[in-house]
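**Q** In this note's numbering, the protein residues as written are -13 to 194. Idealized CB from N, CA, C, for every residue including glycine. Here it is: the structure, laid out below.
Shown next, in the form of structure tokens:
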């Protein structure tokens, strides 16, 4: 994942070449799609077409994205159309469509990287609708370590594949990433209050 759209093409080319080389038997190499970009669903479908022709598995982590203001500001400054969906509703629809596409096709491995309760529940519904195993090795849920534990723990307790992912490296490199994730979460209506309420409830349960 190059994170910024103006570097993403190079990252896409590198990741696809590695998928073609290493994903012959299963998905080992994964890319990341930021679904607040309106072109990413079309890219996913085109990539899948190439994968079927060349005989490799597609592994993708789906996220919404965290650089909306930065992307729009640069697009306006440089005079090109914004690569970002016009609003959250469109982003949500794009994300859900990608999740559905990946569960409807063979030789695809999905990592649903979302702190959104509705998105995780939607994937749970698709798994049930398509009679897939909860612990299907090609479907994983994931949240950032320290965030949305109520989602992670409940999914795991009900038999789904769940990971907690965390950045690792020098503090000067890791802190900007964590700050962006916190800003991303505070931009979602009610999410910060929800986290705080859950933490208070758990603190009371533990009699701390």
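Once you ignore the five residues that flank residue 22 on each side, which residues in its own chain have a CB closer than 7 Å to its CB?
**A** 50, 51, 54, 70, 71 and 77
**Q** Look at the Cβ atom of residue 112, then the Cβ atom of residue 85, and state whether they are nearer than 8 Å.
**A** yes
**Q** Measure from the alpha carbon of residue 2 to the alpha carbon of each residue in 44, 115 and -11, then state which is nearest.
**A** 44
**Q** Return the CA-CA distance between residue 99 and residue 148, expressed in angstroms with no decimal places.
**A** 10 Å
**Q** Go through its chain and collect everything with a Cβ distance to residue 157's Cβ below 8 Å, but skip five positions before and after it.
**A** none
**Q** Between the Cα of residue 120 and the Cα atoms of 130, 106, 46 and 131, which residue gives the shortest distance?
**A** 106
**Q** Using a Cβ-Cβ cutoff of less than 8 Å, which residues in the same chain neighbour residue 137 once the five nearest sequence positions on both sides are dropped?
**A** 101, 103, 106, 127 and 129
**Q** Please give me, in chain order, every unbroken run of the alpha helix (DSSP H) with length at least 4 that falls completely inside the segment 98 to 169.
**A** 103 to 115 and 135 to 143
**Q** Label residue 140 either buried or exposed according to how many other C-beta atoms from any shown protein chain fall within 10 Å of its C-beta, with 16 as the threshold for buried.
**A** exposed
**Q** Alpha carbon to alpha carbon, how far is residue 164 from residue 80?
**A** 25 Å
**Q** Leaving out five residues before and five after residue 26 in sequence, what residues of the same chain have Cβ atoms less than 8 Å from its Cβ?
**A** 19, 20, 80 and 84
**Q** Can you find the residues in the same chain that come closer than 7 Å, C-beta to C-beta, to residue 33, ignoring five residues on each side of it along the sequence?
**A** 2 and 44
**Q** Give the range of the alpha helix (DSSP H) segment to which residue 72 is assigned.
**A** Taken as a continuous stretch (DSSP letters only), residue 72 belongs to no alpha helix (DSSP H), as it is neither H nor E.
**Q** Measuring straight from C-alpha to C-alpha, what distance separates residue 150 and residue 97?
**A** 12 Å
**Q** Among 59, 116, 5 and 57, which one has its Cα closest to the Cα of residue 38?
**A** 5
**Q** What does the alpha-carbon distance come out to for the pair residue -6 and residue 60?
**A** Taking the straight line joining both Cα atoms gives about 15 Å.
**Q** Just verifying my parser: in three-state terms, what is the DSSP assignment at residue 47?
**A** strand
**Q** Using only alpha-carbon positions, find the residue among 11, 132, 58 and 65 that is nearest to residue 73.
**A** Closest option to residue 73, judged by alpha-carbon separation, among 11, 132, 58 and 65: 58.
**Q** Looking at the secondary structure, which residues open and close the alpha helix (DSSP H) in which residue 20 lies?
**A** Note, residue 20: premise wrong, no alpha helix (DSSP H); beta strand (DSSP E) at 17 to 20.
**Q** Anyone know if the C-beta pair for residue 13 and residue 142 falls short of 8 Å?
**A** In this structure, the beta-carbon distance from residue 13 to residue 142 does not fall below 8 Å.
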